[in-house]
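So that you can map any letter, position 483 of the sequence shown is 718 in this note's numbering, and since no number is skipped, the others follow by simple counting.
The structure under discussion appears below in the form of structure tokens.
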Amino acid sequence: MNIFNNLVETFGSASFWINALQLILSLSLLVFVHELGHYSFARLFKMRVDKFYLFFNPKFSLVRWDPKNHKLGFFVKNPDDEKEKADEKAAEETAEQATEDNVGTGHALSAEVAESEATDDENEKSTWRDTVYGLGWVPLGGYCSIAGMVDETTSAKELSAKPKAWEFRSRPAWQRLLVMIGGVLFNFLAACIIFGGMTYHYGDSYIPYENATEGMIFSPCAEKIGFRDGDIPLSADGKELPVGNLQALLEAKQVKVLRDHKDTVTINIPDGYLLEANKEAEAEQKKDKPQLFMDYRVPMVIKSIQNGDGADKAGLKAGDKMLSVNGVKTPDYRDFISELEKNKNTTAVISYERDGKINSADVAISEGGKIGIGVTPANEIFEVKYVDYGFFPSVKIGFQKGWNLLVDYITMFKYVFSKEGVKSLGSFGAIGSMFGGEINWYFFWFITAYLSIILAFMNILPIPILDGGYVLFLLIEMITGWKPSEKTMDICLRIGFYFIVLLMVFALGNDFYRFIIK
């Protein structure tokens with residue numbers, strides 16, 4: 236009964252449908268860009284593209300445009316592709332038989348005519364009009380069907396005829412390689428363009444170090460050379476330290492910080508310390524909860540209260556600043572969360588500040604280490620500085636953000652294979668929940684760019700049916716000269732397809748447990 240109620244509550248909520256619509260819009264854009272990458276490189280090398288579809292179209296299409304035959308239809312039934320291909324194959328076999336008959340009866344073509352026909356076959360041009368463009372009705376992806384390529388739309392049996400000059404399989408390996416990485420490349424470029432556009436439109440915002448009144452928190456690596464939690468960076472070698480430029484700090488000889496809001500302290504940075512810090516950072520990445528070299532120390536200020544939970548029953552209110560748990564000071568929200576974890580399933584004495592006065596309350600902590608409060612983000616506690624950028628600086632920043640996000644995602648991907656990583660796998664439900672249940676165009680474009688990076692990286696993984704699977708075979712062909720047969724590719728694609736389906740079923744199961752059962 237609880238599961239049924241959860242289903243009704245989930246699918247009946249406005250936030251669910253808002254998230255769903257944003258997810259469909261975002262993925263539609265990214266799938267279109269991805270397939271456009273394959274299409275663009277295929278057309279660049281004069282390959283024929285049979286179909287270009289956004290969304291899948293089993294049985295019928297919402298829109299189908301055949302420019303070559305001047306046909307545009309809405310809600311049209313799919314033509315019998317198998318029959319068309321069979322007729323085409325029969326025509327080819329008839330033509331070949333006729334040629335053989337001519338040779339057998341002494342009516343062979345002259346050398347000049349034969350050479351002319353061979354040249355015509357080699358130079359036969361394919362245009363954009365050879366492609367059928369369409370919009371399917373199943374919003375789960377899309378496809379670009381390139382002639383002469385074994386993929387999810389064409390099997391090895393359908394490629395038994397002699398290869399044509401304009402087919403994928405007839406082209407050099409380096410051209411086929413560029414066609415296959417085209418989708419990934421376009422997704423990465425799309426993310427960079429979105430980030431650049433956001434920078435140009437919204438500008439940038441950050442919290443200057445001097446505005447971080449609670450100071451910073453430092454990793455053990457930073458504490459070794461003299462930094463202390465609560466220090467506020469002031470300068471590096473006498474120059475103002477740019478926010479976020481950790482390299483400038485680590486390559487400096489001296490860094491000045493404000494300690495305890497009164498003393499200016501000079502910290503000497505050892506020679507070559509940047510390399511040492513990088514080693515420490517790599518070691519931190521191997522931990523369950525890696526710690527940044529330096530981060531803002533953000534106090535735990537309540538943003539919202541959940542009715543009926545520990546904080547609500549204890550009389551805590553939005554705006555209260557948490558100071559300690561059972562006498563243990565918690566200057567940073569991460570300290571506060573950690574102390575709640577240590578005291579879960581008990582009642583703890585929590586000290587807090589309200590209107591300049593110190594109070595305390597007995598608060599029941601749940602079995603999961605929660606008291607039912609929302610955290611106020613740093614940009615609502617500290618004063619934020621806003622900066623506008625011109626066109627070209629925005630383009631540069633866009634590419635920097637895209638590259639940094641890709642590197643960060645690759646670094647974090649290894650955790651997918653851990654126990655916790657497997658539990659965190661999700662599909663459409665997990666992705667859709669990122670939009671937050673409301674329409675916010677800044678977050679929509681940020682998440683779209685983020686998903687574009689993920690789509691690019693996931694597609695380049697060396698798994699058959701993904702672009703990376705084709706890329707792997709093409710690299711082997713370019714290095715060794717061995718080219719897998721269409722039948723081999725067909726078998727590999729089937730294996731890859733079943734693997735992706737099983738992974739998707741598992742991810743959907745995680746979503747169902749996370750959002751419906753749990």
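Using N, Cα and C, we set each Cβ at its ideal position, and we do this for glycine too.
For D530, which option in F681, A613 and S629 has the closest C-alpha, if you only look at C-alpha atoms? Looking up residue 530 in the sequence shown gives position 295. Cα-wise, what sits closest to D530 is A613.
CA-to-CA distance, E574 to G704, given in whole angstroms: In the sequence shown, residue 704 corresponds to position 469, counting from 1. In the sequence shown, residue 574 corresponds to position 339, counting from 1. Cα to Cα, G704 sits roughly 47 Å from E574.
Let's test the definition: count the other Cβ atoms within 10 Å of the Cβ of V560 and tell me whether it reaches 16, buried, or not, exposed. As a first step, residue 560 must be located in the sequence shown, where it is residue number 325. Flag for V560 reads buried.
In the structure shown, what three-state DSSP assignment does R406 receive? Sequence index remark: in the sequence shown, residue 406 carries index 171 (1-based). Coil at R406, not helix or strand.
Pull up the distance between the alpha-carbon of G716 and that of D725, whole angstroms please. Locating residue 716 in the sequence shown gives position 481, counting from the first residue. Locating residue 725 in the sequence shown gives position 490, counting from the first residue. Straight-line Cα distance between these residues: approximately 20 Å.
Spatial neighbours of T499 within its chain, please: C-beta separation below 8 Å, excluding the five flanking residues on both sides. If you number the sequence shown from 1, residue 499 lands on position 264. Excluding sequence neighbours, T499 sits near L469, K491, V492 and L493.
Determine whether the beta carbon atoms of Y437 and Y677 lie at a separation below 8 Å. Residue 437 sits at position 202 when you count from the first residue of the sequence shown. Residue 677 sits at position 442 when you count from the first residue of the sequence shown. Yes. Within cutoff.
Could you compute how far the alpha carbon of A546 sits from the alpha carbon of F626? As a first step, residue 546 must be located in the sequence shown, where it is residue number 311. As a first step, residue 626 must be located in the sequence shown, where it is residue number 391. Distance between the alpha carbons of A546 and F626 is about 48 Å.
CA-to-CA distance, E445 to E615, given in whole angstroms: Translated into the one-based positions of the sequence shown, residue 615 becomes position 380. Translated into the one-based positions of the sequence shown, residue 445 becomes position 210. Using only the alpha carbons, I get a separation of about 16 Å.
Skipping 5 residues on each side, what residues in its chain have a beta carbon closer than 6 Å to that of Q541? Position 306 of the sequence shown, counting from 1, holds the residue named residue 541. Excluding sequence neighbours, Q541 sits near G607.
From K488, T448, N313 and V630, residue whose alpha carbon lies closest to that of K497: Along the sequence shown, one-based indexing puts residue 497 at 262. The option with the nearest alpha carbon to K497 is T448.
For T389, write down the residues that DSSP places opposite it in a beta bridge. In the sequence shown, residue 389 corresponds to position 154, counting from 1. Answer by DSSP bridge pairing, in chain order: D386.
Tell me which residues share the same chain as G341 and place their Cβ nearer than 7 Å to its Cβ, disregarding the 5 neighbours each side in the sequence. The residue labelled residue 341 in the question sits at position 106 within the sequence shown. In this predicted model, G341 has a pLDDT of only 44, less than 50, meaning its place in the structure is not dependable enough to derive any value.
If you draw a straight line from the C-alpha of A553 to the C-alpha of E588, how long is it? The residue labelled residue 553 in the question sits at position 318 within the sequence shown. The residue labelled residue 588 in the question sits at position 353 within the sequence shown. Distance between the alpha carbons of A553 and E588 is about 11 Å.
If I follow the unbroken alpha helix (DSSP H) through T715, where does it start and stop? Counted from its first residue, the sequence shown places residue 715 at position 480. Per DSSP, T715 belongs to the alpha helix (DSSP H) from D702 to T715.
Thinking C-alpha only, which one of G450, I442, L413 and T434 is nearest D495? As a first step, residue 495 must be located in the sequence shown, where it is residue number 260. Comparing Cα-Cα distances from D495 to each of G450, I442, L413 and T434, the minimum goes to G450.
Where the beta strand (DSSP E) through R299 begins and ends: The residue you call residue 299 lines up with position 64 of the sequence shown. From DSSP, the beta strand (DSSP E) with R299 extends over F295 to D301.
May I ask you to verify whether the segment 405-422 touches the segment 501-511, counting CB pairs closer than 8 Å and requiring at least 3? no
Going by beta carbon distance, what residues of the same chain come within less than 7 Å of W401, once the five residues before and after it are set aside? Here the question's residue 401 lines up with position 166 in the sequence shown. Contacts found: K281, M282, R283, E359, S361 and A382.
Mind checking who G441 pairs with in its DSSP beta bridge? For the purposes of this step, residue 441 is taken as the residue at position 206 of the sequence shown. A small correction: the amino acid at residue 441 is Tyr; Gly does not occupy that position in the sequence shown. Answer is K620, bridged to Y441.
Based on DSSP bridge pairs, tell me the residues matched to Y368. Here residue 368 is taken as the residue at index 133 of the sequence shown, counted from 1. Its beta-bridge partners are F287 and W300.
Quick one: is E270 buried, meaning 16 or more other Cβ sit within 10 Å of its Cβ, or exposed? Here residue 270 refers to the residue found at position 35 of the sequence shown. With 16 or more Cβ atoms within 10 Å of its Cβ, E270 is classed as buried.
I need the DSSP call for P699, collapsed to helix, strand or coil. Taking the sequence shown and counting its residues from 1, the one referred to as residue 699 is at position 464. Coil, per DSSP.
State whether the segment 639-647 contacts the segment 466-480, with contact taken as three or more CB pairs (one from each stretch) at a distance under 8 Å. no
Can you tell me where the beta strand (DSSP E) with I452 in it begins and where it stops? The residue labelled residue 452 in the question sits at position 217 within the sequence shown. Taken as a continuous stretch (DSSP letters only), the beta strand (DSSP E) holding I452 covers M451 to F453.
Using alpha carbons as the reference points, say which of T611, K312 and A583 lies closest to W372. In the sequence shown, the residue the question calls residue 372 occupies position 137. When each option's Cα is compared against that of W372, the closest is K312.
Buried or exposed (CB count within 10 angstroms, at least 16 for buried), D597: For this step, residue 597 is matched to residue 362 along the sequence shown. D597 comes out exposed.
Comparing alpha-carbon positions, which option in L256, L737 and F403 lies nearest D285? Along the sequence shown, read from residue 1 onward, the residue named residue 285 stands at position 50. D285 has its Cα closest to that of F403, out of L256, L737 and F403.
By DSSP, does E602 sit in helix, in strand, or in coil? Mapped onto the sequence shown, residue 602 falls at position 367. The answer is coil: DSSP assigns E602 none of H, G, I, E or B.
Nearest residue (CA-CA) to K556, options V584, C456 and D590: For the purposes of this step, residue 556 is taken as residue 321 along the sequence shown, with counting starting at 1. The residue with the shortest Cα to Cα distance from K556 is D590.
So, with DSSP's three-state summary, where would you put Q489? As a first step, residue 489 must be located in the sequence shown, where it is residue number 254. Three-state result, Q489: strand.
With a threshold of 7 Å on Cβ separation, who are the neighbours of L690 within its own chain once the five nearest residues in sequence on each side are excluded? Against the sequence shown, residue 690 aligns to sequence position 455. Hits under 7 Å: L265, H269 and N422.
Cα-Cα, which of K488, P302 and F634 is closest to I428? As a working mapping, residue 428 is identified with position 193 in the sequence shown. Nearest C-alpha to I428: F634.
Beta-carbon within less than 8 Å of Q482's beta-carbon, same chain only, minus the 5 sequence neighbours each way: which residues are those? Reading the sequence shown from its first residue, position 247 is the one you call residue 482. Closer than 8 Å at Cβ, skipping near neighbours: L509.
Roughly how many whole angstroms lie between the Cα atoms of L375 and Y621? For this step, residue 375 is matched to residue 140 along the sequence shown. For this step, residue 621 is matched to residue 386 along the sequence shown. Near 38 Å, if we compare the C-alpha coordinates of Y621 and L375.
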